Each structure stands twice: as structure tokens, then as C-alpha cells.
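Residue numbers (our numbering), protein chains in the order written: chain A, 4 to 221; chain B, 4 to 221. All C-beta atoms, glycine included, are put in the ideal place defined by N, C-alpha and C. Fair warning: this is a prediction, and the values are worked out from it, not measured in the lab. Notes for the one structure printed next.
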DNA sequence: TAGAAGTTAGTACCAGGTTCTAAAAGCCTT
DNA sequence: AAGGCTTTTAGAACCTGGTACTAACTTCTA
């Protein structure tokens, strides 16, 4: 989740001894050995990516050149580059959020008959403690698909009946299959059954009643 | 949604006439009158906030000074400032997303008894065509609340029974009230009823069965 | 035709760096 | 104690993408 993970490869093996007592007392502040300082550097930038090198010199009590050498070694880009990366990331997010008309990718759709969508469970969908997907995401996939499969101007969920058969975990790909159960274009409410699978295993089942705007069928 | 709306106040009244034909032909490219150019400038920065002034000179066929005067007049910050703003915004978002353990704001919670949450329907929750909230957001609020109200290490939705009583529109505030129906701490599945209101009107009703991790109760 | 509005040019300066060279300081080993 | 290594510091030149300011030139308009 944190900033560093985007581009920092860390390997801090052993820690090292203290430094010259003489110099330590001359300067009057404790300076860390290289490894520890670099670790601290990563932490500082991680907790505030907007920090400048000059600020870091004050926090770590070394010269600005040392800070810059450290950033080099650790592969940490300069402040402006960090901000640019963050800005680009958020820009992409905005774009993809706007495109999120539907939860999950619909990979097959036969209007008024059936549909299939795939949804991968990621970090943001699970309880952090258990790594189990929150129910409403599973529902959102099924509901989106049920609405999409109805061939009408307007389609709204009227009611639903859900069974979460087994917990779904981080990383699993959830495949939802929707089947329209009523004859198309006649009733102004459609019955849609959605079954979700991980592999062969059924993990969720839902029966939806969808209101449709029988515009086209009159 | 777009970038400009963060800091640009626009008022483009009338458009103006064309420019000197003499000069036009000398240069060989059409240059816009001030107002139109500034409008175009806003559009260009809006569609790509990462554009430099130098690039803008190429697109608008005026000198870099003119670009900068225009940005001043329009109150558009320089590229680096724009990126910084976006980065800060996304940084805050990451923090708030991580905090999004629950959909809707829980304003009252009596564990194992009842709870209330408020959720305002915004742009991103509605069908753009009809301005009606997608069902899964309403469900998400109810489900989050039902899970939150259960006083257990782990609580998972096992099944649910939903009725979307009437459509909920953009801007409406949806107030969900959850009641635990089974005696607390005994059964390892709790029954929770959630009723959602807009004002006095009931708009959604759901009956949830929640699995609980009877850790605490053994 | 004068003056205002609009446009362009140029210089000095800024933050927050990179790149490179070089020297000093600290540490370890023989 | 000296040599050789790593580490740290220093400094100068240069970079991008600007701001701030002065000055002049062009165009429109009254």
C-alpha cells in the first residue's frame, strides 16, 4: 500500500556496529551506520513522500550528497519524480473509476438469455484480517451482470435472494454466470439466476428480480 | 471530474472576430483570438494536465510568454504545482480508501443489538442515464452495517434476502438501520434485519444471516 | 493618429535536483 | 605506522520548468 513498494527493492541484511566515539562526541549527535541510515531514509520517504533531500539532511544529520548517494543506491527517485508517479497513478485511477459502469469484466453476453463475467478479488475487496472478500463485492458482480443481461432501456433490481456458499479469498477469480429464467420481452419483471464459481466450485448463488422498462416491448 | 474544476473559474462570454488577414498569411497558421485561445488552453490542460508550457506553444502557435500570461489570467498553476496537487489528492485518497472498511458512515452502533449508518448517493453510485442508484451500493451499505453490528472477530455474510422498495436518486441520503434479531453470543449465525430510509420513506429492506466466529463465546 | 490591449523577447532568478571530479575522513589490516 | 579500502563531504557545471520583471513591438480601436 505504501509508496516505497512501487520501486524500492530492499534488502537489509545485518546491522552494523557504532561509529567513532571521537567524532560522535565532537559533533554531538548520533549518526547511524550506513545500513541503518538507509533503512531510516526509506521509512522517512515512505511516511512522507513529499520530503525534500534538504529536509532529510536535517533528519539524518548527514550531508545532502550522502542523502543523494543513498537514494541512488536504493533506487528512490527524486521528489518531483515521486510526485509525478503519484499524480499519474491517481490520474489513471480516475479514468478507470469512470469506466466502472459494471463490476467485473463481462466476457459473454446473450441479451435476455445469459451472461458471464470475471472478477478478480484484490486487496481492496477483502477484509484485511482474514483476506476474505466482503460480500457486497461478490453481490456487486452478480447484480451488475443480472442488470446487464436484461435487454432494456432501464433495468433495476427489485429484489434478490442470496446465498454465500463459501468464503472467497484474495487472488481468487470469481466467475459469475447469469441465466434469465422468464421468457424475454413479456413480463415487466425478469427473473435472473446468477451462479458464481471459483474453478469448479460454486461459491455464490443469487436469484434476482429485475424491473424492466418495457418501452421496447410495447 | 476533470482537473480544471479544482481551481479554474471560467467565464467565457462572447467570442471574438478573426485576426489580421495580413499577418495570418505571413505566418501561415491560424491563430485564435484571446478568448478562444484561453478556452482552448483550458481544454488542453484539462485533457492532459501533464502538458508543459513549451508543448502548449506548439499547439496554440503563440509564444511561451503568452501561454504564461494566459495561465496567470486563468489561475492555472504551473505543471509541477498541478502534479503536486494531484499527488496530494491521491495520497489522501489512498489513506481514505484504506479507511473504507465500511460503506456509509456509521453514526450509531450498539454491538449485537443495532446500528445506524448514513450514505449519500453521489455521481459515482448512479446509472448515468437515470440518476438512480445501482442496487449494489445500497446493498453494500446494508451489508457493511450488518457485519459491523455483529460483535465478533470474524463476521461473514452467509445469505441475504433483499427488497429494493423504490428507486433511490442522486443526492438522496440513505439511512440504514440494522437490528440484530437473534440473541447475542449464542448461535453461531446471527440474523440481522436492515431497513433503509430516505426521509420517512422506506426504500430498502434486507434480511441477513451472518456467520460469526464464536471465538469470544467459547 | 494616439493610446490601449495584446503579444513577444530577454534577462535574472528559483527549487530541486543530476553528473562529475576531487578531496577528506574513518576503518581495517598488515 | 602506513597502505588501501569504503564512506562521506564538497563544489562546480548543468538541467527542467518554471516566476518576476522590464522593454519593445504589433494590432486594434476610439
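- If you draw a straight line from the Cα of residue 178/A to the Cα of residue 160/B, it comes to about 19 Å.
- The alpha-carbon separation between residue 210/A and residue 52/B amounts to approximately 45 Å.
- At a C-beta separation below 7 Å, residue 205/B has no neighbours in chain A, since its nearest C-beta there lies roughly 14 Å away.
- By the rule that beta-carbons nearer than 8 Å mark a contact, residue 87/B touches chain A.
- Contact check between the region 78 to 90 of chain A and the region 114 to 125 of chain B: fewer than three CB pairs, one atom from each, fall below 8 Å, which does not count as touching.
- Judged by their CB atoms, residue 172/A and residue 121/A are not nearer to each other than the 8 Å cut-off.
- Within 7 Å of the CB of residue 163/B, the CB atoms of chain A belong to 165, in sequence order along the chain.
- At a cut-off of 3 residues, the continuous stretches assigned as beta strand (DSSP E) that sit fully inside the region 139 to 192 of chain A are 158 to 167 and 176 to 183.
- Inter-segment contact for the region 189 to 200 of chain A and the region 200 to 216 of chain B is absent: fewer than three beta-carbon pairs are separated by less than 8 Å.
- Interface annotation, residue 122/B: not in contact with chain A, CB-CB separation never under 8 Å.
- Contact annotation: residue 44/B and residue 59/B have beta-carbon atoms nearer than 8 Å.
- In the three-state reduction of the DSSP assignment, residue 105/A falls in the coil class.
- When 9 Å is used as the limit between beta carbons, residue 171/A is near no residue of chain B, the shortest such separation being about 10 Å.
- Taking C-alpha positions only, residue 149/B is separated from residue 129/B by approximately 23 Å.
- When DSSP states are grouped into helix, strand and coil, residue 38/B belongs to the helix group.
- By the rule that beta-carbons nearer than 8 Å mark a contact, residue 109/A does not touch chain B.
- For residue 76/B, the enclosing alpha helix (DSSP H) stretches over residues 67 to 77.
- Under the DSSP assignment, residue 58/A falls outside any beta strand (DSSP E), being part of the alpha helix (DSSP H) whose first and last residues are 56 to 63.
- In the DSSP assignment, residue 123/B falls within the unbroken beta strand (DSSP E) covering 117 to 123.
- Taking a beta-carbon distance threshold of 8 Å, residue 154/B does not count as an interface residue toward chain A.
- Residue 213/B is a Cβ neighbour of residue 158/B, given a cutoff of 8 Å.
- Not a single C-beta of chain A is nearer than 8 Å to the C-beta of residue 199/B.
- Looking only at 40/A, 126/A, 74/A and 133/A, the smallest Cα-Cα distance to residue 176/A is reached by 126/A.
- Around the beta carbon of residue 36/A, fewer than 16 other beta carbons lie within 10 angstroms, which makes this residue exposed.
- In this structure, DSSP gives residue 196/B an extended state, which the three-state scheme calls strand.
- For residue 192/B, there are no C-beta contacts with chain A under 8 Å, since the nearest C-beta of that chain is about 12 Å from it.
- Taking C-beta atoms as the reference points, residue 92/B and residue 65/B fail to come closer than 8 Å.
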